[in-house]
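Note that UniProt numbering has the sequence shown beginning at 1, numbered continuously upward.
The next block holds one structure in the form of structure tokens; read it before the comments.
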Amino acid sequence: MNIIHNSNLRNSVQKFIASFQANRYLQSITKGLAATMPIMIIGSFAELLADMQLGDYQKWIAPIKAYLEIPVNFTINIVAIYAVCGIAYSLAKSFNKNGLQAALIALLSFLIITPMGNFKLGKNMVQAIPVQWLGAQGLFAAIIVGVLATRLYVFIVDRHWTIKMPAGVPPMIADSFAALIPAAIVAGIFTVVSAMFSRTSLGSLHQAVYSLIQEPLTHLGNSLPSLLLAIFLMQLLWVCGIHGAMVIMSVMSPIWSVMALENLKAFKAGTVRPNIIDGLGAYAMLAPMLGLVICLLFFCHSKQLKTIGKLGAPAALFGIHEPLIFGLPIVLNPYLAIPYIFTPLICILIAYFCVKTGIIPVSYGIQVPFGTPIFLNGLLAGSWKFGALQVLEIPVCVLTYYPFVKALDKQKLKEEKEAENKK
């Protein structure tokens with residue numbers, strides 16, 4: 001583990017990751033998608049209530065099923081609209097610009113590139129926007145438009161291409177007029193872009209982004225090796241003292257969000273859920289740290305380790321690991337680095353095996369709130385089997401951590417005895 005203590009290497013890695021982590025565009029995408037989480041959770045649970053297959057449940061809810069599906073239509077099915085607004089708002093605020101105006105301009109731009117369709121409603125033909133591009137299939141287009149439209153808005157405002165009102169005009173009115181020229185220019189640019197793509201074989205910018213970017217990235221991310229690599233890097237960054245979740249999620253969150261939405265859509269349609277690795281990341285986040293806590297509480301004799309175990313246990317139960325990561329610490333700790341990195345990977349492999357063999361079902365794509373305790377997390381994800389597996393993985397985590405924790409315990413006991421002898 002000499003590599004952990006190589007200060008030059010560590011400083012170089014930390015400097016590179018810090019610059020990556022501070023990237024305002026990646027941060028804005030992460031924050032914008034995170035802002036949609038409450039909406040996604042509401043839609044996920046509405047979907048579960050509407051389509052859960054449990055005995056005579058479907059017969060019982062038949063009279064109200066259409067009402068249960070209303071929240072789904074205005075949450076999950078149009079999540080791209082919420083995402084483009086959230087991303088634009090976050091990015092504009094990072095430039096100290098008007099977030100609300102940027103969000104509205106980005107939304108306008110997104111709707112401009114979204115193709116209209118003709119549909120029969122009763123006896124009449126009406127024009128409408130297909131929901132197809134407002135949900136999971138339009139998510140990457142929403143990310144691109146949210147970033148580009150906002151960056152154009154910031155560029156225009158920075159050059160003062162705005163209408164300036166007299167000093168006595170209320171700020172609300174002044175802000176509205178100040179956004180007029182930027183909105184017109186950005187809307188004009190996206191209108192030209194939309195027209196250009198409409199003349200290609202792809203038909204629209206949405207289809208181009210979906211076919212050339214979103215679909216290949218989703219296929220690339222929808223594999224066991226890619227998930228294992230992402231979790232491995234996340235844990236390794238934590239060991240180096242860098243917020244691994246923030247770095248990795250800024251890259252993987254769009255891909256994993258699309259996969260979850262596709263599974264949820266398939267669940268609603270009653271078809272095979274396509275993304276087998278969706279939801280497996282949850283098994284890497286809950287049981288491993290509880291396994292560490294059990295080792296600290298029941299197999300350690302060091303007062304320091306027992307105290308840290310007691311303090312970290314409540315947080316670990318809710319998936320909050322920072323008290324243990326920085327309290328033990330796990331950061332730059334040669335004793336705990338190996339189990340901390342590899343125990344989550346073992347849990348994912350076990351869960352993957354259980355899905356492939358049919359022991360547990362493929363994820364339903366239901367979004368569970370962060371901080372939901374073990375077992376309840378799996379139960380809310382759609383099946384008691386998810387929760388049961390989370391709990392059953394705890395003994396495995398205890399076994400993987402045990403020899404490393406005992407080695408650390410031996411070292412801490414030695415240090416504590418030396419400290420007592422000096423008194």
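All C-beta atoms, glycine included, are put in the ideal place defined by N, C-alpha and C.
Query raised in the report: So, is V169 buried or exposed, given that buried needs 16 or more other C-beta atoms within 10 angstroms?
Result: Counted from its first residue, the sequence shown places residue 169 at position 169. So V169 counts as exposed.
Query raised in the report: With distances taken between CB atoms, is the gap from E416 to K265 smaller than 8 Å?
Result: Against the sequence shown, residue 416 aligns to sequence position 416. Against the sequence shown, residue 265 aligns to sequence position 265. Result no, Cβ atoms of E416 and K265 do not sit closer than 8 Å.
Query raised in the report: Which class does A149 belong to by DSSP, given the choice of helix, strand or coil?
Result: Numbered from its first residue, the sequence shown carries residue 149 at position 149. If DSSP states are grouped into helix, strand and coil, A149 belongs with the helices.
Requested in this report: Specify the secondary structure class of Q53 as computed by DSSP and reduced to three states.
Outcome: The residue given as residue 53 occupies position 53 in the sequence shown. The answer is coil: DSSP assigns Q53 none of H, G, I, E or B.
Requested in this report: Look up V126 in the DSSP assignment and say whether it is helix, strand or coil.
Outcome: Within the sequence shown, the letter at position 126 stands for residue 126. DSSP places V126 in strand when its eight states are reduced to three.
Query raised in the report: In terms of DSSP beta bridges, what is G117 paired with?
Result: Locating residue 117 in the sequence shown gives position 117, counting from the first residue. Under DSSP, G117 shares a beta bridge with A128.
Query raised in the report: Under a Cβ-count criterion, where at least 16 other Cβ atoms within 10 Å of its own Cβ denotes burial, should W384 be classed as buried or exposed?
Result: On the sequence shown, residue 384 is found 384 positions in, with the first residue counted as 1. Exposed, since its Cβ has fewer than 16 Cβ neighbours within 10 Å.
Requested in this report: Put F197 into one of helix, strand or coil per three-state DSSP.
Outcome: Residue 197 sits at position 197 when you count from the first residue of the sequence shown. For F197, the secondary structure class from DSSP, reduced to helix, strand or coil, is helix.
Requested in this report: Please look up how many angstroms separate the CB atoms of F110 and A142, rounded, as I've assumed it's under 8 Å.
Outcome: For this step, residue 110 is matched to residue 110 along the sequence shown. For this step, residue 142 is matched to residue 142 along the sequence shown. F110 to A142, Cβ: 6 Å. Contact.
Query - Coarse secondary structure for I242, derived from DSSP in three states - result: Translated into positions along the sequence shown, residue 242 becomes position 242. Residue state for I242 is assigned as coil, using DSSP reduced to three classes.
**Report entry** Residue interval of the alpha helix (DSSP H) (run including R24)
**Finding:** The count along the sequence shown starts at 1 and reaches residue 24 at position 24. Element bounds for R24: 24-35.
Requested in this report: Below 7 Å CB to CB, which residues in the same chain sit around T36 once its five sequence neighbours on both sides are set aside?
Outcome: Here the question's residue 36 lines up with position 36 in the sequence shown. Closer than 7 Å at Cβ, skipping near neighbours: V79, Y82, A83, G86.
Query raised in the report: Can P373 and L324 be called in contact, C-beta distance under 8 Å?
Result: Reading the sequence shown from its first residue, position 373 is the one you call residue 373. Reading the sequence shown from its first residue, position 324 is the one you call residue 324. No, these two residues do not count as a Cβ contact at 8 Å.
Query raised in the report: Can you name the start and end residues of the alpha helix (DSSP H) that N98 belongs to?
Result: By one-based count along the sequence shown, residue 98 stands at place 98. That residue, N98, is in no alpha helix (DSSP H); it is neither H nor E in DSSP.
Query raised in the report: Does any C-beta atom of chain C lie closer than 8 Å to the C-beta of L305?
Result: In the structure shown, chain C does not exist; there is a single protein chain.
**Report entry** Nearest candidate by alpha-carbon position, reference S223, set I341, P115, L349
**Finding:** Taking the sequence shown and counting its residues from 1, the one referred to as residue 223 is at position 223. The shortest C-alpha separation from S223 is found at L349.
**Report entry** Unbroken alpha helix (DSSP H) run spanning I394, endpoints
**Finding:** Along the sequence shown, one-based indexing puts residue 394 at 394. From DSSP, the alpha helix (DSSP H) with I394 extends over 384-422.
Report task. Could you please give the first and the last residue of the uninterrupted alpha helix (DSSP H) stretch that includes S176? Result -> Here residue 176 corresponds to residue number 176 of the sequence shown, with the count starting at 1. Note, S176: alpha helix (DSSP H), 171-178.
Query raised in the report: DSSP state of N73, grouped into three classes?
Result: Translated into the one-based positions of the sequence shown, residue 73 becomes position 73. The answer is helix: DSSP assigns N73 an H, G or I state.
Report task. Identify whether C300 lies in helix, strand or coil by the three-state DSSP scheme. Result -> To locate residue 300, count along the sequence shown from 1; it is residue 300. Coil at C300, not helix or strand.
Query raised in the report: What are the start and end residues of the alpha helix (DSSP H) that includes G221?
Result: Position 221 of the sequence shown, counted from the first residue, corresponds to residue 221. Residues 215-221.
Requested in this report: If I'm right that D175 touches N98 with Cβ under 8 Å, what's the distance once you round it to whole angstroms?
Outcome: Counting from one through the sequence shown, the residue named residue 175 turns up at place 175. Counting from one through the sequence shown, the residue named residue 98 turns up at place 98. Between N98 and D175 the Cβ distance is about 6 Å, and since that is below 8 Å, they are a contact.
Query - From L104, Y340, L49, residue whose alpha carbon lies closest to that of T400 - result: The residue given as residue 400 occupies position 400 in the sequence shown. Comparing C-alpha distances from T400 to each of L104, Y340, L49 shows the shortest one belongs to Y340.
Query - Span of the alpha helix (DSSP H), counted from its first residue to its last, around S94 - result: For the purposes of this step, residue 94 is taken as residue 94 along the sequence shown, with counting starting at 1. Its alpha helix (DSSP H) spans residues 79-94.
Query raised in the report: So does A260 have its beta carbon nearer than 7 Å to some heavy atom of the ligand NAD?
Result: The ligand content of the structure shown is nil, which means the ligand NAD is not present either.
**Report entry** Among T343, A269, N275, nearest to A260 - alpha-carbon criterion
**Finding:** Here residue 260 is taken as the residue at index 260 of the sequence shown, counted from 1. Of all alpha-carbon atoms in T343, A269, N275, the one lying nearest the alpha-carbon of A260 is that of N275.
Query raised in the report: Taking buried to mean at least 16 other C-beta atoms within 10 Å of its own C-beta, is D56 buried or exposed?
Result: As a working note, residue 56 is residue 56 in the sequence shown. Residue environment analysis places D56 among the exposed positions, since fewer than 16 neighbouring C-beta atoms fall within 10 angstroms of its C-beta.
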